[in-house]
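Structure record follows, encoded as structure tokens.
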Amino acid sequence: MPRFFFHIRNGATLIEDPDGSELPDLAAAREEAAQGARFLLAEKLKAGEVLDGQRFEITSAEGVVLALLLFKDLVKLR
Numbered sequence: 031m032p033r034f035f036f037h038i039r040n041g042a043t044l045i046e047d048p049d050g051s052e053l054p055d056l057a058a059a060r061e062e063a064a065q066g067a068r069f070l071l072a073e074k075l076k077a078g079e080v081l082d083g084q085r086f087e088i089t090s091a092e093g094v095v096l097a098l099l100l101f102k103d104l105v106k107l108r
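In our numbering, the protein residues as written are 31 to 108.
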């Protein structure tokens, strides 16, 4: 199974995922990132922090960026 890394980008700051996760494919990696982002968004909301600008950069073991997931895209407002 391929290993995916979930780095968090907040403006110019990059928090690297040193371990990654073995998942069957990129679709599973996107779902894993979405679940993680929702958790982080909830924590930021509870703390009264700004919810804009953060994203996951999903990369391969070789460091190739495979997908970007903007946290704000997961917030549904009516």
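A virtual CB, placed ideally from N, CA and C, is assigned to each residue, including glycine.
Which residue spans inside the stretch 37-106 form an unbroken beta strand (DSSP E) run of at least 3? 43-45, 84-89, 95-100
Classification of residue 81 by the beta-carbon crowding that lies within 10 angstroms, buried from 16 upward: exposed
As a quick exercise: from 107, 105, 56, 91, pick the residue whose alpha carbon is nearest that of residue 49. 91
Rounded straight-line distance, which links the Cα of residue 31 to that of residue 71: 29 Å
Let me know if residue 45 comes out buried or exposed under the rule of 16 or more other beta-carbons within 10 Å of its beta-carbon. exposed
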